[in-house]
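Report on the following structure.
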Amino acid sequence: MKLASAVIKPFKLDEVREALDRIGVHGMTATEVQGYGRQKGHTEIYRGAEYVIKFLPKVRIEIAVPDSRADDVVEAIERTARTGTTGDGKIFVTTIERAVRIRTGETNDDAL
3 MKLASAVIKP FKLDEVREAL DRIGVHGMTA TEVQGYGRQK GHTEIYRGAE YVIKFLPKVR
63 IEIAVPDSRA DDVVEAIERT ARTGTTGDGK IFVTTIERAV RIRTGETNDD AL
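Just so we're aligned, residue 3 is where the sequence shown starts under the working numbering, counting upward by one.
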């Protein structure tokens, strides 16, 4: 099993969810986060004062899938979340050692 974690721009969340749904992935966790990478933040002006915003709003999504689906998930996220500008995000894929569905006790691929 694999865990695909992606940090994307917030306005892309619905598009990514729909793309994953189209390829048969029906579950994900989404968390509002803040961060920066090469963007290094930006400056804003409020009431004449300039403020440096170092942490930008992002969304982190996590999707647990069988090994055979991991490449499909990465491709769908990459294709859908890309705007072509700095700050589009990153995707990380890690191995899951064990998964358990709490309600039924099913484990591993059956729990997904």
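Even for Gly, the Cβ is constructed at its ideal location relative to N, Cα and C.
Check                                                                              : Outcome
Reduced DSSP category for residue 21 - H, G, I as helix; E, B as strand; rest coil : helix
C-beta atoms of residue 86 and residue 9 nearer than 8 angstroms                   : no
DSSP beta-bridge partners of residue 6                                             : 65, 95
Distance CB(residue 30)-CB(residue 98) smaller than 8 angstroms                    : no
Proximity below 8 angstroms, CB of residue 39 to CB of residue 57                  : no
Option in 21, 102, 112 with minimal Cα separation from residue 80                  : 21
Paired residues, beta bridge with residue 34 - DSSP                                : 61
Cα-Cα separation, residue 32 to residue 47                                         : 30 angstroms
Start-to-end residues for the alpha helix (DSSP H) that takes in residue 83        : 72-83
Beta-ladder partner(s) of residue 27, from DSSP                                    : BP columns for residue 27 are empty, so no partner.
DSSP state of residue 101 mapped onto helix, strand, coil                          : coil
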